[in-house]
Amino acid sequence: MGGVLALLAVSTRSGSGTWDGAPTVLGVAAAVVVLRVLATRLRRWEAAAAVPTAAPRPAAAERRAFLVWGVSAAALALVVGGASRLGTSALQAAAAARRAVRLPRAASPAAAVPDSASLDVPGITPYVTPNADFYRIDTALRVPSVDPAEWRLRIHGAVDHEVELTWDELLALPLEEHHATLSCVSNEVGGDLIGTALWLGYPIRRLLERAGPHADADMVLSRSVDGFSAGTPLDVLQDEDTAAILAVGMNGEPLPPEHGFPVRMVVPGLFGYVSATKWVAELEVTRFADAQGYWTPRGWSERGPVKLESRIDVPRAGASVEAGSTVAVAGVAWQPHTGVRGVQVRVDDGPWQDAELADSVSADTWRQWVLRWTPTAGEHRLQVRAVSADGEVQTSVERPPAPNGATGWHTVTVRAS
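In this text, residue positions in the sequence shown follow the UniProt record's numbering: the first is 1, and each later residue adds one.
Right, dumping it as structure tokens:
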């Protein structure tokens with residue numbers, strides 16, 4: 001019961017993350033295992049004492065064995081408890097450091113999001129995703145605690161000059177704001193591992209210009225303080241039309257710890273596994289032939305451009321709608337860095353119908369869409385596809401997320417009555 005209460009306390013603590021309860025869970029699990037072993041040995045000891053044998057083991061030896069296990073259990077509890085306290089202390093220190101941060105105004109602010117970027121449709125995904133609702137995918141068992149005062153970024157490898165940057169030096173640079181949609185390669189068709197935020201940061205290409213990458217380099221291997229790495233095409237990071245930044249702010253506040261505080265990478269148009277390194281501390285200029293990011297040897301493609309995708313937010317799969325009424329079929333569509341110029345919906349394999357599109361502030365973000373539909377009674381299948389700004393039509397070919405992103409048309413079935 002104590003372990004359950006401890007876990008509840010951790011999980012309900014302000015600012016706690018998904019894995020913050022890991023030390024408690026491990027401690028409870030270890031205690032259960034040790035107690036089971038102790039109980040088993042105690043039963044064997046009692047049974048042995050009740051049955052005479054030809055060569056009985058001395059009772060003192062049995063007691064010593066039991067004592068060793070008991071001391072081991074106590075030591076394990078101390079270690080796990082200490083680790084939990086240290087972890088909690090680190091999280092509290094990181095939270096305090098974040099509260100003390102005062103981000104500068106952007107030298108190049110983003111355009112304000114117009115009302116026309118949001119459709120008045122209940123249940124549709126908002127144009128900008130609140131920080132608390134932004135998806136989180138990473139390899140960290142525990143959110144790293146990084147003191148901005150101690151943070152350093154090192155740029156090295158195949159460069160003319162190594163560059164090192166401190167937190168204060170980064171904040172003193174002319175920062176830029178950009179709206180950008182990020183998504184995870186493991187997102188299924190119709191999935192929610194995607195979000196849009198207003199990011200504040202400094203262009204990575206400017207820092208690479210300082211370093212002077214060698215002519216034969218084609219990749220930047222970014223590394224996190226927790227050991228994660230991502231291989232990003234060098235030409236993407238050097239592209240003036242790509243808003244690839246070292247981000248320090250998210251939706252008007254310092255990065256939340258679980259989203260990379262104090263500094264992370266944001267690269268529109270690429271899946272996160274090859275670009276969105278959180279808690280970034282190192283950029284090594286290298287070649288794809290010489291280095292790999294964390295996920296590449298685990299079966300994922302070394303390059304990860306985001307696919308043209310669309311999703312139906314409303315009505316939900318399995319929903320009941322009123323026959324003869326006007327039903328809003330609505331959702332979002334995206335291909336960051338390229339942009340979306342059209343969305344089409346079809347009902348029951350009928351003709352494709354053009355949906356109404358909301359505006360967007362950038363090709364790097366998704367667009368909301370809606371089709372007003374009057375259903376007849378019965379079951380209906382709704383499908384959606386997008387058309388990119390360069391004329392590509394979203395493919396119907398169904399593929400899983402591995403190795404470089406899921407494809408296919410999002411389909412939902414509803415019933416009208």
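We put the CB at the ideal spot given by N, CA and C, even for glycine.
Your pair Ala107 and Pro148 does not check out as a contact, with CB atoms roughly 20 Å apart and the cut at 8 Å. The secondary-structure analysis by DSSP pairs Trp373 across a beta bridge with Val327. The Cβ atoms of Trp295 and Val329 do not sit closer than 7 Å to each other. The DSSP-derived three-state label of Pro257 is helix.
Beta-bridge analysis with DSSP links His179 to Leu198.
Following the DSSP letters along the chain, one finds Ile245 inside the beta strand (DSSP E) bounded by residues Ile245 to Met250. Scanning Ala132, Asp115 and Cys184 for the CA closest to the CA of Gly272 turns up Cys184. For Ala244 and Thr413, the gap between their C-alpha atoms comes out near 39 Å. For Arg102, the secondary structure class from DSSP, reduced to helix, strand or coil, is coil. Separation of Ala95 and Asp226 (C-alpha to C-alpha, rounded to the nearest whole angstrom) is 18 Å. Judged by DSSP in its simplified three-state form, Ile204 adopts helix. In the DSSP assignment, Gln238 falls within the alpha helix (DSSP H) that extends over Leu234 to Gln238. A direct Cα-Cα distance of roughly 15 Å separates Pro144 from Pro254. When DSSP reads this structure, Trp334 sits in a beta bridge with Glu309. The beta carbons of Val343 and Ser310 sit about 6 Å from each other, so the pair counts as a contact at 8 Å. Going by DSSP, Glu282 is part of the beta strand (DSSP E) stretching over Val280 to Thr286. Taken atom to atom, the span from the alpha-carbon of Arg98 to that of Thr395 is near 43 Å. Within the same chain, Ser320 and Glu379 come within 6 Å of Arg415 by CB-CB distance, once the 5 residues on both sides are set aside. In this structure, Val370 sits away from Glu392, with a CB-CB distance that is not shorter than 7 Å. In the structure shown, Glu150 adopts helical secondary structure according to DSSP, grouped into three states.
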